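Residue numbers (the numbering used here): 23 to 314.
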Amino acid sequence: MYRIKIPASSANLGPGFDCLGIALDLYNTFDVEIAETNLLENTEERFNNPDNLFLKAWRLGCDAIVQHDSVHVIFHTDIPAGRGLGTSAALTAGGLYAASLLHDHALSKEDIFHLCVKAEGHPDNAAAAVYGGLCLCMDDGHTVQARQLACAEDWLFTVFIPDFEVHTEDARKVLPEHYDRTDVIWNSVHLHAMIDALESGDLKQLHWAAHDRVHEPYRSRLIPDYDFLKKTVQQDTGGVFLISGSGSTCLLISRQPLSEAVKETIRRNTNAQWTIRQLQKSAGPVIERITL
């Protein structure tokens with residue numbers, strides 16, 4: 023039996039809309055082995071069916087290697103569903119890794135990435151889930167490539183996970199159909215600056231780079247108390263506050279941890295219940311053989 027741990031991921035990181043993502047050390051864990059029939063353990067009843075994303079990815083991986091077996095999988099899911107932390111990418115990558123590992127490492131990491139993008143549709147989350155670290159994705163309409171980027175080791179990544187979802191479809195609907203040329207140029211420049219700031223550890227440049235004009239001004243309206251949270255945590259830590267993926271989770275990138283006083287302020291002065299977790303960059307999937 024294999025144990026597969028796939029990291030959460032935060033996409034966009036401000037101006038990196040649909041192309042920049044980072045893996046974080048919050049994991050979905052899957053214990054897997056070949057079985058006579060598909061068996062999913064320790065998963066919610068609503069996900070215990072043939073449309074389970076892990077199971078669909080397992081079948082996709084088996085199709086790719088022309089080996090059609092069933093799988094027994096035990097789920098240990100710490101990544102909250104529907105909160106903008108790459109849950110679907112983690113489930114999809116997990117199923118593909120399982121298909122590869124249980125068939126003598128039949129798929130390369132590149133194969134898993136491309137199949138993950140095919141199934142998942144979000145290359146930024148897929149790249150972070152499969153490769154780990156900070157990733158930049160390039161899609162020319164025919165092929166998708168991912169490149170791992172350097173990232174300073176002393177950044178702290180704090181996630182703010184609310185008790186409500188922002189559905190991806192809703193987050194897409196609020197975006198404009200067209201953008202002004204100046205906004206496109208703005209985001210292009212700020213994306214380059216964001217990548218450089220994350221690599222160099224330059225906090226001042228990170229503040230300058232983090233301003234986005236493509237999605238955050240529109241999606242922030244879907245997150246109650248967003249402006250209050252942003253002002254409060256940035257003043258407390260000196261970091262930058264962003265939307266994680268399409269939301270509803272928000273992400274703080276900082277050098278200083280969030281103070282307990284501000285955590286209490288958030289608890290007392292916001293309508294939602296926010297789970298606040300300080301994380302670090304993840305190096306990617308963790309694979310090990312186990313015996314239960």
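For every residue, glycine included, the Cβ atom is placed at its ideal position computed from N, Cα and C. The structure displayed is predicted, hence computed values, not measured ones.
- Bridge pairing for T180: L274, Q300 [DSSP].
- For P246, the secondary structure class from DSSP, reduced to helix, strand or coil, is coil.
- The closest CA to that of R243, considering only C272, G306, S222, G260, is found on C272.
- For L197, there is no enclosing alpha helix (DSSP H), as DSSP gives it neither H nor E.
- Counting only the Cα atoms, D202 lies some 27 angstroms from L220.
- Per DSSP, the unbroken alpha helix (DSSP H) holding T287 starts and ends at 282 to 291.
- For A103, no alpha helix (DSSP H) encloses it, and the DSSP letter there is neither H nor E.
- Shown here, P29 sits in a strand according to DSSP, grouped into three states.
- Taking all protein chains shown into account, M216 has 16 or more neighbouring C-beta atoms within 10 Å of its C-beta and is therefore buried.
- Ranking S276, L46, K285, G267 by CA distance to the CA of G106 puts G267 first.
- With a cut-off of 8 angstroms on Cβ pairs, the region 116 to 130 is not in contact with the region 65 to 73, counting fewer than three such pairs.
- For G43, the beta-bridge partners assigned by DSSP are A33, C157.
- Looking at R81, L225, L35, the one whose alpha-carbon comes closest to that of T59 is R81.
- Comparing alpha carbon positions, the residue from V166, G155, E199 closest to F179 is G155.
- Excluding the 5 residues flanking it on each side, T190 has same chain C-beta neighbours closer than 7 angstroms at S268, in chain order.
- By the C-beta density criterion, N64 is exposed, having fewer than 16 other C-beta atoms within 10 angstroms.
- Annotation for F97: N50, T51, F52, L62, E63, N64, T65, F76 place their beta carbon closer than 8 angstroms to its own, counting only its chain and skipping 5 residues before and after.
- With fewer than 16 other CB atoms across the displayed protein chains lying within 10 angstroms of its CB, K253 is exposed.
- At the C-beta level, I26 and Y119 come within 9 angstroms of one another.
- DSSP, read as helix, strand or coil, puts H164 in coil.
- Counting along the chain, F263 sits inside the beta strand (DSSP E) bounded by residues 262 to 265.
- 9 angstroms or more divides the Cβ of I207 from the Cβ of R241.
- At a Cβ-Cβ threshold of 9 angstroms, S31 and A111 count as neighbours.
- In this structure, L251 keeps its C-beta atom at 9 angstroms or more from the C-beta atom of V262.
- Beyond the five residues adjoining it in sequence on each side, D100 comes within less than 7 angstroms, by CB distance, of L48, Y49, N50 in the same chain, given in chain order.
- In this structure, the beta-carbon distance from G43 to C159 falls below 9 angstroms.
- Burial is judged here by how many other beta carbons sit within 10 angstroms of a residue's own beta carbon; W177 has at least 16 and is buried.
- Ranked by Cα distance from Y24, the options E142, L46, P37, I56 are led by I56.
- The beta carbons of D161 and P145 sit closer together than 9 angstroms.
- If you look at I87, you'll find it isn't in any beta strand (DSSP E); it sits in the alpha helix (DSSP H) that goes 75 to 87.
- Exclusion of the five residues before and after D249 leaves S242 as the residues of its chain whose Cβ lies within less than 8 angstroms of its Cβ.
- Residue state for A149 is assigned as helix, using DSSP reduced to three classes.
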